[in-house]
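Chains as they are written, first to last, in the working numbering: chain U, 3 to 210; chain X, 3 to 210; chain Z, 3 to 210; chain G, 3 to 210.
Note that CB positions come from ideal geometry on N, CA and C, so glycine has one too.
This one's a predicted model, so the numbers in the text were calculated from it and none came from an experiment.
First comes the structure, then the notes that go with it.
There are 4 protein chains.
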Amino acid sequence: MKLDETERLETFSDGVMAVIITIMAFNVKPPAGSAFTDLHEVLPRLLVYVLSFVVVGIYWNNHHQLLRSADRMNASVMWANLFLLFWLSLLPIVTDWVGSFPNRALPAAAYGMISLGAGFGYWLLVRTIIRANGRSSHVAQAVGSDLKGNLSVGLYAAGTALAFVNRVASYALYAAVALMWIIPDRRLTWTNPGQSPPPAQSGGDSLD
Amino acid sequence: MKLDETERLETFSDGVMAVIITIMAFNVKPPAGSAFTDLHEVLPRLLVYVLSFVVVGIYWNNHHQLLRSADRMNASVMWANLFLLFWLSLLPIVTDWVGSFPNRALPAAAYGMISLGAGFGYWLLVRTIIRANGRSSHVAQAVGSDLKGNLSVGLYAAGTALAFVNRVASYALYAAVALMWIIPDRRLTWTNPGQSPPPAQSGGDSLD
Amino acid sequence: MKLDETERLETFSDGVMAVIITIMAFNVKPPAGSAFTDLHEVLPRLLVYVLSFVVVGIYWNNHHQLLRSADRMNASVMWANLFLLFWLSLLPIVTDWVGSFPNRALPAAAYGMISLGAGFGYWLLVRTIIRANGRSSHVAQAVGSDLKGNLSVGLYAAGTALAFVNRVASYALYAAVALMWIIPDRRLTWTNPGQSPPPAQSGGDSLD
Amino acid sequence: MKLDETERLETFSDGVMAVIITIMAFNVKPPAGSAFTDLHEVLPRLLVYVLSFVVVGIYWNNHHQLLRSADRMNASVMWANLFLLFWLSLLPIVTDWVGSFPNRALPAAAYGMISLGAGFGYWLLVRTIIRANGRSSHVAQAVGSDLKGNLSVGLYAAGTALAFVNRVASYALYAAVALMWIIPDRRLTWTNPGQSPPPAQSGGDSLD
Numbered sequence: 003m004k005l006d007e008t009e010r011l012e013t014f015s016d017g018v019m020a021v022i023i024t025i026m027a028f029n030v031k032p033p034a035g036s037a038f039t040d041l042h043e044v045l046p047r048l049l050v051y052v053l054s055f056v057v058v059g060i061y062w063n064n065h066h067q068l069l070r071s072a073d074r075m076n077a078s079v080m081w082a083n084l085f086l087l088f089w090l091s092l093l094p095i096v097t098d099w100v101g102s103f104p105n106r107a108l109p110a111a112a113y114g115m116i117s118l119g120a121g122f123g124y125w126l127l128v129r130t131i132i133r134a135n136g137r138s139s140h141v142a143q144a145v146g147s148d149l150k151g152n153l154s155v156g157l158y159a160a161g162t163a164l165a166f167v168n169r170v171a172s173y174a175l176y177a178a179v180a181l182m183w184i185i186p187d188r189r190l191t192w193t194n195p196g197q198s199p200p201p202a203q204s205g206g207d208s209l210d
Numbered sequence: 003m004k005l006d007e008t009e010r011l012e013t014f015s016d017g018v019m020a021v022i023i024t025i026m027a028f029n030v031k032p033p034a035g036s037a038f039t040d041l042h043e044v045l046p047r048l049l050v051y052v053l054s055f056v057v058v059g060i061y062w063n064n065h066h067q068l069l070r071s072a073d074r075m076n077a078s079v080m081w082a083n084l085f086l087l088f089w090l091s092l093l094p095i096v097t098d099w100v101g102s103f104p105n106r107a108l109p110a111a112a113y114g115m116i117s118l119g120a121g122f123g124y125w126l127l128v129r130t131i132i133r134a135n136g137r138s139s140h141v142a143q144a145v146g147s148d149l150k151g152n153l154s155v156g157l158y159a160a161g162t163a164l165a166f167v168n169r170v171a172s173y174a175l176y177a178a179v180a181l182m183w184i185i186p187d188r189r190l191t192w193t194n195p196g197q198s199p200p201p202a203q204s205g206g207d208s209l210d
Numbered sequence: 003m004k005l006d007e008t009e010r011l012e013t014f015s016d017g018v019m020a021v022i023i024t025i026m027a028f029n030v031k032p033p034a035g036s037a038f039t040d041l042h043e044v045l046p047r048l049l050v051y052v053l054s055f056v057v058v059g060i061y062w063n064n065h066h067q068l069l070r071s072a073d074r075m076n077a078s079v080m081w082a083n084l085f086l087l088f089w090l091s092l093l094p095i096v097t098d099w100v101g102s103f104p105n106r107a108l109p110a111a112a113y114g115m116i117s118l119g120a121g122f123g124y125w126l127l128v129r130t131i132i133r134a135n136g137r138s139s140h141v142a143q144a145v146g147s148d149l150k151g152n153l154s155v156g157l158y159a160a161g162t163a164l165a166f167v168n169r170v171a172s173y174a175l176y177a178a179v180a181l182m183w184i185i186p187d188r189r190l191t192w193t194n195p196g197q198s199p200p201p202a203q204s205g206g207d208s209l210d
Numbered sequence: 003m004k005l006d007e008t009e010r011l012e013t014f015s016d017g018v019m020a021v022i023i024t025i026m027a028f029n030v031k032p033p034a035g036s037a038f039t040d041l042h043e044v045l046p047r048l049l050v051y052v053l054s055f056v057v058v059g060i061y062w063n064n065h066h067q068l069l070r071s072a073d074r075m076n077a078s079v080m081w082a083n084l085f086l087l088f089w090l091s092l093l094p095i096v097t098d099w100v101g102s103f104p105n106r107a108l109p110a111a112a113y114g115m116i117s118l119g120a121g122f123g124y125w126l127l128v129r130t131i132i133r134a135n136g137r138s139s140h141v142a143q144a145v146g147s148d149l150k151g152n153l154s155v156g157l158y159a160a161g162t163a164l165a166f167v168n169r170v171a172s173y174a175l176y177a178a179v180a181l182m183w184i185i186p187d188r189r190l191t192w193t194n195p196g197q198s199p200p201p202a203q204s205g206g207d208s209l210d
């Protein structure tokens, strides 16, 4: 038995994202001492890590649902996917940088730029997959107008510019993008094929 | 062929846990010198690593059995799972910290807090999965009253508080939680579907 | 259900390549300061990372297609695959080295040598797989004369020698090999078995 | 569709081994300078890495074949497998240590001890799997008398003791164990189920 082409792409991407998460956590590093005051240095690193963890979690979830509804793949899809993974692989670096200099403009702007790159990479992946599967395909209808995708790219661009004016506003914008993606996802429900139907109490729009 | 939704969640979680284990081992670091006395500095790091390795091993095992008996997934399950992985991803940091300061209160308490977070994350994941699959589902019956899950959360909270009084008692409590999970697991036996029935000499409660 | 032997080889190789990519990104490291001038030190590291990322992406893609068209495996194939992974696992080290000394001959030559090793490893893997599957097999016909494989090995050897004369020419040659692999790949299209036929607008040579 | 229990154990173990390999390569580290003389410090690290890479490659291969012929799993098998992974996860540390002090007795002995632990872990895994599957099972017959497994444990113990007398002899013994495992494996051939029969020119004992 062999896995689907889309399955293979997912497994590889999942692997990269799993390592990205753990490398980011590794970069938080334990405090240099064992007193309460030593926790101060760790706190900003921990907070940015939480944000980056959530961002990767969102990508992992959406990436999975996107590929799941796609039937066809080509080399453009594969390179668009690698392009997205490239930007995500830079996330540990900017997370580390922001953790070291949480009050400086350039790291905050760099965080926005890498997020923008990843957002654009995902936007590109969606378009490439739709082109490979056709406008009337399942995946094209599942994606719809991709309003959130477009909005995210715009908000990350705004956050990057804002970093040179006000760091807090910039970070708040990045966090807002993450929240925008988390909340509506909660309505979706999946059932494994060939399994029993959903029990009555868990209402929700079935995706698959 | 595509994998189940639950299978995908498992693969990703397995990837994260595999990297966590190796990163924790990486943090042990070889001794700075090559004399017997240089082993002293490594010993506490090695001991905490053993504990953390066993903890991750237990989560990997239970996580696997939990998802295996689940048929339905939704976004809440996915986020509860990421919440658990978040706490587990902090385990290498506290393991490293305890290894550096094995006799201090704060690192010992932090180890308990991260363990508590992971224990609560698992407790939450169990509840979210049962809610998605229904109270009469296979997974709800397999979990039962989840006495051990509730007890673990309580013991980790106690160990965290105890760390400010007595480090040894605190570590003993953490190790006791691990032992509590290892021992009864040994009775379970699984058979692959479509395989020959178990031979007579390996008695044990079949799970699947 | 069990996966194919070739599938298992792919999954393991995918795992190694996923970690290689993330370790290389980890080695880029954030700037030491937060001023624009601090970006200078990061730029060469980032550029070599882009090259190495693309190289691993190409190997991942070709490795996947090679194993996909293979039906039979033996221990020689497995060791040839490990030989390829060995050279790829050294890529983060030379990427790091070139990033530290972008204008020196030896790191540039070492980058070429490791690339040559990986290129030879892939060349060997192709031959070993064809030998295991037979000259008339699907995989032997899919590979064809393997002109690009032979050419890559030659170009990497030339780039290694050139490093002692002109670094820029050497790096340009390494980048040219990568480009040679990316461009023609874009015409291929895959369809998952049992799925709907490709829509009319996405013309391309179907591989599977 | 869900994967087999044994498949899941394999995937997790493969993930751990993939990260171990890459972490060991990461520990080799590039030379501190860019002159030929700077290569001296890297050479011993590179050589031990080659040995450790081959050792992990052998475990990956044998582990895969062992689990492939097993039908039944239980919690003892799972913990025996984690016990093996524990020792393998310490391999990067001793590899790093030997690379730093190639001429010292203690690191050479530690390398032997960790190898001995892994060898014993594998020996234990084989026994636990046979116990779970029964003496007349496919896996019990595939393993046979496990002469090589017993011999390896003995040779690693001898190498550990020898390290305090002669380092070169000790390393030679470790390398000899690796060679003993590589050579005879080359006769085996696997075919994917449902595929065409092996072509005539690749004679070899079919395993599956």
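#1: Within 8 angstroms, do at least three Cβ pairs link the region 162-172 of chain X to the region 134-150 of chain X?
#2: Between the region 104-117 of chain Z and chain G, which residues of the former have a C-beta closer than 7 angstroms to a C-beta of the latter?
#3: Taking 9 angstroms as the threshold (C-beta atoms), are V52 (chain X) and L93 (chain X) in contact?
#4: Please classify L68 (chain G): is it buried, with 16 or more other beta-carbons within 10 angstroms of its beta-carbon, or exposed?
#5: So with CB distances below 9 angstroms, who are the chain X contacts of T39 (chain U)?
#6: With a cut-off of 9 angstroms, does the C-beta of A144 (chain X) fall near any C-beta of chain U?
#7: Looking at C-alpha atoms only, which residue of G:S54, G:V44 and G:S91 is the closest neighbour of G59 (chain X)?
#8: Taking Cβ-Cβ distances below 7 angstroms as the criterion, which residues of the region 7-26 of chain G are in contact with chain X?
#9: Taking Cβ positions only, does V52 (chain U) come closer than 9 angstroms to chain X?
#10: Does the region 6-15 of chain G come within contact of the region 79-90 of chain Z, defined as at least 3 CB pairs closer than 8 angstroms?
#11: Which word fits V50 (chain Z), buried or exposed, when buried means at least 16 other C-beta atoms lie within 10 angstroms of its C-beta?
#12: Using the beta-carbon of each residue, which ones in chain U are nearer than 7 angstroms to V88 (chain X)?
#13: Is it true that the region 107-126 of chain Z meets the region 32-52 of chain G, where meeting means three or more beta-carbon pairs spaced less than 8 angstroms apart?
#14: Check the C-beta distance from L86 (chain G) over to Y124 (chain G) and give it rounded, since I have them as a contact under 8 angstroms.
#15: With H, G and I counted as helix, E and B as strand and the rest as coil, what does DSSP make of F85 (chain G)?
#16: Whose C-alpha, out of Z:R70, Z:A178 and Z:N168, is nearest the C-alpha of P104 (chain Z)?
#17: Which residue marks the beginning of the alpha helix (DSSP H) containing N152 (chain U), and which one marks its end?
#18: For S54 (chain G), I'd like the list of residues in its chain whose CB is within less than 7 angstroms of its CB, leaving aside the five on either flank, ordered along the chain.
#19: Are any of the Cβ atoms in chain Z nearer than 9 angstroms to that of N63 (chain G)?
#20: To the nearest angstrom, how far is it from the Cα of S172 (chain X) to the Cα of L118 (chain X)?
#21: Pull up the distance between the alpha-carbon of F122 (chain Z) and that of G146 (chain Z), whole angstroms please.
#22: Buried or exposed: H65 (chain Z), going by 16 or more other Cβ atoms within 10 Å of its Cβ?
#23: With 9 angstroms set as the bound, which would you pick, yes or no: does the beta-carbon of P33 (chain Z) sit closer than that to a beta-carbon of chain U?
#24: At what residues does the alpha helix (DSSP H) containing N64 (chain X) begin and finish?
#25: Between G:R129, G:T39 and G:F88, which has its C-alpha nearest A20 (chain X)'s C-alpha?
#26: Would you kindly report the start and end of the unbroken alpha helix (DSSP H) that includes S15 (chain Z)?
#27: Could you name the residues of chain X that G59 (chain U) contacts, counting a contact when the two beta carbons are closer than 7 angstroms?
#28: Would P46 (chain G) count as contacting chain X if we go by Cβ distances under 9 angstroms?
#29: Is the distance from the Cβ of A72 (chain X) to the Cβ of I131 (chain X) below 9 angstroms?
#30: Please state the DSSP three-state secondary structure of R133 (chain U).
#31: Residue range of the alpha helix (DSSP H) that A142 (chain G) falls in?
#32: Where does F166 (chain Z) land, buried or exposed, given buried means 16+ other C-beta within 10 angstroms?
#33: Look at the Cβ atom of V30 (chain X), then the Cβ atom of L41 (chain X), and state whether they are nearer than 9 angstroms.
In this structure, then:
#1: no
#2: From the region 104-117 of chain Z, only R106, L108 and P109 have a Cβ closer than 7 angstroms to chain G.
#3: no
#4: Answer is buried; the Cβ neighbour count reaches 16.
#5: Those do not exist, as T39 (chain U) stays about 10 angstroms from chain X at its closest Cβ, beyond 9 angstroms.
#6: no
#7: G:S91
#8: E7, T8, R10, T13, F14, G17, V18, V21, I22 and I25
#9: yes
#10: no
#11: buried
#12: As written in the sequence, residue 88 (chain X) is Phe, which differs from the Val given in the question. Within 7 angstroms Cβ-Cβ: F55.
#13: For the pair of segments examined, the region 107-126 of chain Z was found to touch the region 32-52 of chain G: the number of CB pairs separated by less than 8 angstroms reaches three.
#14: Sure, about 6 angstroms apart at Cβ, within 8 angstroms.
#15: If DSSP states are grouped into helix, strand and coil, F85 (chain G) belongs with the helices.
#16: Comparing Cα-Cα distances from P104 (chain Z) to each of Z:R70, Z:A178 and Z:N168, the minimum goes to Z:N168.
#17: Unbroken alpha helix (DSSP H) run through N152 (chain U): L149 to L164.
#18: M26, L93 and T97
#19: yes
#20: 13 angstroms
#21: 17 angstroms
#22: buried
#23: yes
#24: Boundaries of the alpha helix (DSSP H) harbouring N64 (chain X): L41 to R70, taken from the DSSP string.
#25: G:F88
#26: In the DSSP assignment, S15 (chain Z) falls within the alpha helix (DSSP H) that extends over E7 to V30.
#27: Near G59 (chain U) (Cβ distances below 7 angstroms), the residues of chain X are L84.
#28: Output row for P46 (chain G): interface = no.
#29: Yes, Cβ-Cβ distance for A72 (chain X) and I131 (chain X) is below 9 angstroms.
#30: helix
#31: H140 to V145
#32: The residue in question, F166 (chain Z), is exposed, as its Cβ has fewer than 16 Cβ neighbours within 10 Å.
#33: No. Outside cutoff.
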